[in-house]
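Notes follow the structure.
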Amino acid sequence: MASSAIAGALLNATFDERGLASLVLLATASVLNVEGDAFALSLNGTSTILSSSLPVPTRTFDAHGQPTYRYSAAGDLTVHVAYSVTDAFVSKQLTVSSARHAHNVTNVTLFAGARLLLDGAAPAESVVARSPAGLRDFALFARWSTTGALITARNPFLTATPHGGGGVTLSYEPMMPVAPAAPFSADRAHIGLHLLTQRKMAPPAQPLDEAEHAAMQRCVRAAIAAPQRASSVKINVGWCENDFQIDISTAAGRAEYKRIIDRAASLGIESILFAPRNSDVSSIGNGTDAWGWEQVLWFGMGERLRMGLWAPGDPLPASLTEMLDYFRLRGVRPVAYVYPILAFLAGTLPGGASPPWVVHGTYSSSDLATKRLGLGPMRSDLASPALQQWLPKTMRRFADQTGAGGFSFDYTYFEQGSPGGRPWRSQYAQWSGWRAILAALQQPKACAGRQCVVDNRQANHAWGPWMWAEGGTYAEPLQSDEQPGSWMFYEADLKTDRLSANRQRETAELAWSDDHLG
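Quick note: the sequence shown uses this note's numbering, first residue 12, plus one each step.
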């Protein structure tokens, strides 16, 4: 099979009968040979498929000359490996299909011992950038005297391992299903070249070369899911006015909240995180979250939604309808507060059954003894494919009915599920499932015909750069609640605006240095 070449702005790539063969850095004409570009798959924790041991794949090209390789594996499996060349790096993505049987994909090795040789030489050293939040690896950087290579993939649960003689392995453990009519797509991997600056990032950043940091930034920017806005997002977080103490079931409560909307409109604020009480439809006594706020979720309809007593499209209470009409009148969009792991529709199916996403969770503040796998309160498992379909569909229908301008997510704990039988028990599977749910809201007109505000709060800062890029409009700018009364950071300053500004700058600097954003 003849080799093929694709030119980018900064590098050229050559492909042989099994995958990527070489990269050429155009600035220096240096050639990075990639010897043995192979992948490996582990299924059900037992069998392993190594691409180098499979028959030579068939190769096709798209309209831009980008190649895809089709491997036929043992049994009923087919693996497609698609490559694409951008200006600065090559992307590689595996898609696994099964014709007859369901399998649990327990490990994916995106680069299985590939050997990197620059102009015939192995790298002088290789370093691994790791998650500062205690997850796993972000990327591997191979270094020669003046040139470097980046290998990464779009999740923070990687195991990046350098080997002697220029060998590298990049893998992760999905613990996710593949089944007939339900293929498994691995996270996209990237490999690129760059000229080293010989300048190291200053602490507290990891001691990477500035060019390595910039190379990772290019990969992250390429993953941004949300359409880029022409202006900033202006949102008021209603609980900074203690709106949770306002009961809009009363005329006085509605009048008070309308003053908040009026002030937002006068300041040019486009959205309000709208989470007041509404005694017409909810009660703190019906809540199932450990924080005690379920009564204000989904514009107050969250408890009834969870219990199967209301669904988007059913009538809304007159008190809520009046407030939604006022939002429209003033040109301000309400944003709904949502806890995505509450046990939606638990016990509501025939015979008292629950949807497949309902599991015994692990997080509860009421009983420390229940904080063990399988003994906690009922929760929704974000790794469930069924939940990944139901939840964004329900949110879009909710936005169509109410005019919601977006969703603010909190209480996003990864519930591991009950022991025994569920294929999605890894942290990665739940992280990936949550990313898929958020991505479904990134369609240009997902919120009542307009782009959603996706306010991703709980733990978003710990989930790595790919969740920033693919998972929302923004994360908490303070890494904290906006309400000054609950701030967990303090300085010698009585001005909350200065405290807020200083904290935002600190958060932005950490995002730039630790998560390679910018």
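By construction, the Cβ of each residue, glycine as well, lies at the ideal position given by its N, Cα and C atoms.
Asked                                                                                                                      : Found
Beta carbon of V119 nearer than 9 Å to that of P173                                                                        : no
Same chain, Cβ closer than 6 Å to A49, neighbours up to 5 away in sequence not counted                                     : S62, S63 and A123
C-beta contact flag for A410 and A457 at 9 Å                                                                               : yes
Buried versus exposed call for A480 [16 or more other C-beta atoms within 10 Å across all chains shown]                    : buried
Endpoints, the beta strand (DSSP E) within which L129 is located                                                           : H114 to L129
F72 versus V42, F26, T97 and A84, residue with shortest Cα-Cα distance                                                     : F26
Start-to-end residues for the alpha helix (DSSP H) that takes in H371                                                      : Where H371 is concerned, there is no enclosing alpha helix (DSSP H), although the beta strand (DSSP E) it sits in stretches over V369 to H371.
At least 3 beta-carbon pairs within less than 8 Å: the region 208-216 vs the region 175-186                                : no
Where P215 falls: helix, strand or coil (DSSP)                                                                             : coil
Which residues DSSP lists as bridging E46, in chain order                                                                  : R126
Member of H201, A222 and R199 whose CA lies at the smallest distance from the CA of R210                                   : A222
Inter-residue spacing [alpha-carbon to alpha-carbon] between G145 and K103                                                 : 26 Å
Beta-carbon proximity of L127 to A153, cut-off 9 Å                                                                         : yes
Within 9 Å, strictly: CB atoms of P287 and G313                                                                            : no
Close Cβ partners of H527 (< 7 Å) along its chain, the five nearest in sequence each way excluded                          : H224, M227, Q228, V231 and P476
Under 9 Å between C-beta atoms of V196 and V107                                                                            : One detail in the question is off: residue 196 reads as Ser in this sequence, not Val. The answer is yes: Cβ separation under 9 Å.
Proximity winner among L308, T69 and S260, relative to S83 (alpha-carbon distances)                                        : T69
Pairwise C-alpha distance: L43 and G203                                                                                    : 10 Å
Proximity below 9 Å, CB of A24 to CB of L37                                                                                : no
Cβ-based neighbour list, T117, same chain, cut-off 7 Å, excluding 5 preceding and 5 following                              : S53, L54, N55, G56, E184 and M186
Beta-carbon proximity of I162 to V96, cut-off 9 Å                                                                          : no
Given G320 as reference, the closest of P78, A193, A357 and S109 once Cα atoms are compared                                : Reading the sequence as shown, one finds Leu at residue 320 and not Gly. It is A357 whose Cα lies nearest to the Cα of L320.
D300 versus L353: straight-line alpha-carbon distance, rounded                                                             : 7 Å
R509 burial status per 10 Å Cβ neighbour count (16 or more: buried)                                                        : exposed
Beta-carbon contacts of K269 that lie in its chain and below 6 Å, excluding the five residues immediately before and after : Y337
The region 460-467 in contact with the region 411-423 per 3-pair CB rule at 8 Å                                            : yes
Backbone CA spacing between G483 and L449 [nearest angstrom]                                                               : 7 Å
From L121, L207 and Q454, residue whose alpha carbon lies closest to that of W155                                          : L207
DSSP state of K404 mapped onto helix, strand, coil                                                                         : helix
Start-end ranges of the beta strand (DSSP E) lying completely within the region 442-507, minimum 3 residues                : 464-467
Buried/exposed call for K382, threshold 16 Cβ in 10 Å                                                                      : Its pLDDT being 44, under 50, K382 is placed unreliably in this model, and the value from its coordinates should be taken loosely. Label assigned to K382: exposed.
Spatially closest choice to T405 from F285, R317 and G131, by CA coordinates                                               : R317
Spatial distance of A110 from P188 (CA atoms)                                                                              : 13 Å
Member of V464, P455, W474 and Q454 whose CA lies at the smallest distance from the CA of G444                             : W474
Candidates T39, G30, V35 and I60, of which the one nearest G47 by Cα                                                       : G30
Boundaries of the alpha helix (DSSP H) in which K269 is found, first to last residue                                       : A262 to S277
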